[in-house]
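Residue 76 in UniProt numbering sits at position 76 of the sequence shown, and the numbers go up by one each step.
In what follows, a single structure is set out as structure tokens and then discussed.
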Amino acid sequence: MIESALDLRTFIETLRQRNDLVDVETVVDPILEAAAIIRRVYEERLPAPLFHNLTGAMPGARLLGAPAGLLRNRRLAYSRLALHFGLPETTTAPELVEKIRSAVKARPIDPVVVDTGPVKENKWIGAQVDLNQFPVPLLHEADGGRYFATYGFHVVQSPDGTWDSWGIGRMMLNGRNSLVGPAMATQHIGQVRKMWTDLGKPTPWAMVLGAPPAAVAVAGMPLPTGVSEPGYIGALLGQGLPVVRTETNGLLVPANAEIVLEGEISLSEQAMEGPMGEYHGYQHHQGNVQPVFHVHAVTFRNNPILPICVAGLPPEENHTIWGTMISAQLLDTCQEAGLPIDMAWCSYEAATCWAVLAVDPVKLASLNTTAEEFVHRVADVVFGSHAGYLIPKLILVGNDLDITHIDEVVWALATRHHPGSDHYSLPEVRAFPMVPYLNADDKQRGTGGKAIINCLFPEQFQGKIRAATASFKHSYPEQLVNQVLAKWQDYGFKER
Ligand SMILES: Cc1cc2nc3c(=O)[nH]c(=O)nc-3n(C[C@H](O)[C@H](O)[C@H](O)COP(=O)(O)O)c2cc1C
Ligand SMILES: [Mn+2]
């Protein structure tokens, strides 16, 4: 199954064999119609659509929707996401987080440079470039333009060649050979761009679409500054990713990507971008000016497949990919700092606007700390990190709960959190400006809107419990629980 992590077409074939893909042969308009279908697919948790016939696009060009959408069957809910990492269909959320985090500890494996690959099957250089030939979708009626990239990643390199940064970022069409999109100063693309700008040069840049699924997922992971995503992808897969050089600027890109755009981020040219329906579930009314990206060459596979994410209400890839990758990174950051955290999870239902941290109460008690002191330590560690900066709210709960089950988190919030003493608002902490509830003041100051919501009972800081849980798992002797499970069908129930 590792082949599915390494190649989008193998990934698609695996989904097809699992009946988790619909080949849409009917003519579909990339202007709104494809996106509306994909939106319904996310919300109803249906198989991923592969559109084969798109109005206005060159023959053979295809769109893939909901590449990491969830499934309706609870046992298989994460299977499309898990396939990005070559993991089995029944992989659980904690198993996903553990797999992703395990690579943080592994030695990076550099990509392997090969002479050529499928991405070189077609080449447009200079004046041949015409992005309009691809089925560039309009994703929401109120969007400011058509989005070429919603599930592709930027490739940039620091001028000294020591840091390769691969990061997912949206890109709106700005004509036949240019795009426009954010390069936020706090994201690595913005940091690398500043290094080039300080030298007075435009940033050499490429955008990879239809990359190996594991590579896309890692490009959506806020690894610490200076860490190169390609080496991390190698560590995750246990082998170096095959890469080729671009035609014009010497950057390295996956050899079997579907489409690679290459060129530069202009030094100072800007254009209007957006608005776009976004990950938090809202559509703002106005766009912003953003840097222009010039495309000097395009290489692509025959019958190229452009994967897209139609952002909005969960669950879509900003939750299933971004949220899961952030969860793994937060867990690692907490454990590296010696915090007694067993698990971290950005509940998909919270649209990547909160993370839940599961605290080991035994280790917590051994720290001999107070709630106030502990909360501020967690805030320093998490909100001070590259990944934690993106998340506005943290919820602390005991590890007796499975924090990947939203019903257990809701129960803890309702029953363990004292609104008078357990809510910590942190007005001085740096704000992530995309958070929708921030007000004009917060945005002006660049701080505020962050909180820690403590759902640990005061006794837990002294190693005591206030009350035990009344449930199937907690209220009966273990031996009886096992016996009941073993005899489940004998009682007359159909399933265990
Ligand atoms: C589907 C998807 C879309 C995303 N879109 C954007 C985006 O438009 N802008 C952005 O800054 N981050 C976006 N992200 C999040 C970044 O990819 C993520 O924060 C990543 O860590 C950025 O790379 P960096 O940490 O190397 O800066 C998106 C993530 C996913 C999974
Ligand atoms: Mn990075």
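Just so it is clear, CB atoms sit at the ideal spot from N, CA and C, and this is done for glycine as well.
In the structure shown, Glu-262 adopts extended strand secondary structure according to DSSP, grouped into three states. Distances from the alpha-carbon of Met-272 to those of Tyr-282, Gln-290, Asp-380 put Gln-290 closest.
Taking 7 angstroms as the cut-off, the Cβ atoms of Ile-321 and Ala-217 count as close.
Within the same chain, Gly-152, Phe-153, Val-155, Val-253, Pro-254, Ala-257, Val-260 come within 7 angstroms of Val-208 by CB-CB distance, once the 5 residues on both sides are set aside. Taking a 10 Å sphere around the C-beta of Tyr-491, we find fewer than 16 other C-beta atoms and assign the residue as exposed.
Between Pro-307 and Cys-353 a beta carbon distance of about 24 angstroms is seen, past the 8 angstroms cut, so the two are scored as non-contacting.
The set of residues whose C-beta lies within less than 6 angstroms of a heavy atom of ligand 2 reads, in chain order, Ser-165, Gly-167, His-188, Leu-223, Glu-229. A straight-line Cα-Cα distance of about 7 angstroms links Leu-313 and Ala-351. Looking only at Ile-31, Ala-48, Ala-149, the smallest Cα-Cα distance to Val-24 is reached by Ala-48.
CA-CA distance, Ser-102 to Leu-236, rounds to 8 angstroms. Spatial neighbours of Arg-107 in its own chain (CB-CB distance under 8 angstroms, excluding positions within 5 residues in sequence) are listed in chain order as Ala-235. Contact between Gly-388 and Val-382 holds: CB atoms are separated by about 4 angstroms, below the 8 angstroms threshold. Ala-206 is bridged by DSSP to Val-155, Glu-262. Relative to ligand 1, the beta carbon of Cys-309 is positioned inside 6 angstroms of a heavy atom. For His-376, the secondary structure class from DSSP, reduced to helix, strand or coil, is helix.
The beta carbon of Glu-278 sits no closer than 6 angstroms to any heavy atom of ligand 1. When the beta-carbon positions are compared, Asp-442 and Asn-399 stay at least 7 angstroms from each other. According to the DSSP secondary-structure assignment, Gln-286 is paired through a beta bridge with no residue. Look at the beta carbons and you see the segment 285-303 touching the segment 112-131: at least three pairs across the two are nearer than 8 angstroms.
In terms of CA proximity to Thr-92, Ile-403 leads the group Asp-164, Glu-373, Ile-403.
Not one heavy atom of ligand 1 is found less than 6 angstroms from the C-beta of Trp-354.
For secondary structure counted as the beta strand (DSSP E) over 3 or more consecutive residues, the segment 30-56 holds these complete runs in sequence order: 48-51.
About 15 angstroms separates the beta carbon of Ala-142 from that of Arg-170, a gap too long to meet the 8 angstroms contact definition. Around the beta carbon of Ser-327, 16 or more other beta carbons sit within 10 angstroms, so the residue counts as buried. In this structure, the C-beta of Ile-233 stays at least 6 angstroms away from each heavy atom of ligand 1. Looking at the DSSP output, Phe-293 bridges to Leu-179, Ile-265. Between Val-378 and Ala-35, the C-beta spacing is not below 7 angstroms. Annotation: the continuous alpha helix (DSSP H) that includes Lys-105 extends over 93-105. Relative to ligand 1, the nearest heavy atom lies less than 6 angstroms away from the CB of Asn-318. Contact between Gly-274 and Gly-263 is ruled out by a C-beta separation of about 21 angstroms, above the 8 angstroms threshold. Membership of Gly-65 in the beta strand (DSSP E) is indicated by the continuous run 62-65. Under the DSSP assignment, Leu-83 falls in the alpha helix (DSSP H) whose first and last residues are 79-83. Distance from the C-beta of Met-184 to the nearest heavy atom of ligand 1 is below 6 angstroms. DSSP places Lys-194 in the uninterrupted alpha helix (DSSP H) bounded by 188-198. Here Ile-125 is exposed: its Cβ has fewer than 16 other Cβ atoms, across all protein chains shown, within 10 Å. Distances between the C-beta of Trp-322 and the heavy atoms of ligand 1 include at least one below 6 angstroms.
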